[in-house]
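Residue numbers (our numbering): -3 to 111.
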């Protein structure tokens, strides 16, 4: 027995690191709430056909609106349907990438000790 009072293998240094990690985690949690609000307010635009069809979604993929240029109507229903689908995918991919980037920014520097 060493008598250094380290119980459970956690020395004071580890406890301090753990306290810092909890503090950072709390900051991340607060940042996540703020980020969620920002994402809801964002407008991310996907488009197709050189801008003939635009789909606008929020940062968390909530559909906001679709804009269809008058010229797109002349393309016929089938092509128009394809353009809307492509624009939706574009908007979705952009919003997903934006969300991922923002989450990485938020969690960078969060290192849990001993893990």
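Using N, Cα and C, we set each Cβ at its ideal position, and we do this for glycine too. Keep in mind that this is a model prediction, so the values were computed, not measured.
**Item:** CB of residue 84 within 7 Å of CB of residue 51, strictly
**Value:** Locating residue 84 in the chain shown gives position 88, where the first residue counts as 1. Locating residue 51 in the chain shown gives position 55, where the first residue counts as 1. Yes, these two residues count as a Cβ contact at 7 Å.
**Request:** Assess, as a yes-or-no matter, whether the stretch 60 to 72 is touched by the stretch 88 to 96 under the definition of 3 or more beta carbon pairs within less than 8 Å.
**Result:** Under the 8 Å Cβ criterion, the stretch 88 to 96 does not count as touching the stretch 60 to 72, having fewer than three qualifying pairs.
**Item:** Inter-residue Cα distance where the pair is residue 8 and residue 20
**Value:** Position 12 of the chain shown, counted from the first residue, corresponds to residue 8. Position 24 of the chain shown, counted from the first residue, corresponds to residue 20. Distance between the alpha carbons of residue 8 and residue 20 is about 18 Å.
**Asked** Alpha carbon to alpha carbon, what distance is there between residue 74 and residue 24?
**Response** The residue given as residue 24 occupies position 28 in the chain shown. The residue given as residue 74 occupies position 78 in the chain shown. For residue 24 and residue 74, the distance between alpha carbons rounds to 46 Å.
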